[in-house]
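This report refers to the structure that appears directly beneath it.
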């Protein structure tokens, strides 16, 4: 089993409470990495949960994938995050007693040697 190379990626999302008609924005900075970066992607995931007395069923579906960087990113350079929510596959976050529709964004950094680094951020979508 190969060891994960040392790396440091910093960044932020401007908000995790999002208006569905406005883009998700933020930025990432690759501060350092022993291995070359192959790509950086944003994955938008819809999570549907149904439940009753017998238990809960959770189903996560990737509904959008955007590559925000291709190739070895310059260290210290700000990479902008800008993702428009797809109208046909998103809705306001919904939570009832037995049913939930939630959204998450995964920031995925793929390094040389097929090392995959993922960070998950729950989102709350609303309509204004």
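Residue numbers (this note's numbering): 6 to 133. Just so it is clear, CB atoms sit at the ideal spot from N, CA and C, and this is done for glycine as well. From a predicted model like this one, the values you see are computed outputs, not experimental measurements.
Endpoints, the beta strand (DSSP E) within which residue i is located
i           : result
residue 81  : It is not in any beta strand (DSSP E) - residue 81 carries neither H nor E in the DSSP assignment.
residue 115 : 104-116
residue 123 : 120-131
residue 25  : Unbroken run through residue 25: none, as it is neither H nor E.
residue 32  : 29-38
residue 19  : Unbroken run through residue 19: none, as it is neither H nor E.
residue 56  : 42-57
residue 76  : Counting along the chain, residue 76 falls outside any beta strand (DSSP E), and DSSP gives it neither H nor E.
Beta-carbon spacing of residue i, residue j below 7 Å
i           : j           : result
residue 80  : residue 114 : no
residue 68  : residue 51  : yes
residue 128 : residue 23  : yes
residue 18  : residue 31  : yes
residue 44  : residue 12  : no
Proximity test, Cβ basis, 7 Å: residue i and chain D
i          : result
residue 72 : The question asks about chain D, but that chain is absent: this structure has only one protein chain.
As assigned by DSSP and simplified to three states, the class of residue i
i          : result
residue 96 : coil
residue 66 : strand
residue 8  : coil
Among the options, the one whose alpha carbon lies nearest that of residue i
i          : options         : result
residue 90 : 119, 61, 44, 28 : 28
residue 88 : 15, 25, 12      : 25
Whole-angstrom C-beta distance between residue j and residue i, which should lie under 8 Å
i           : j           : result
residue 106 : residue 53  : 6 Å
residue 60  : residue 103 : Their Cβ separation, rounded to whole angstroms, is 11 Å, which puts residue 60 and residue 103 out of contact at 8 Å.
residue 10  : residue 82  : Actually they do not touch by this definition, with Cβ atoms about 19 Å apart.
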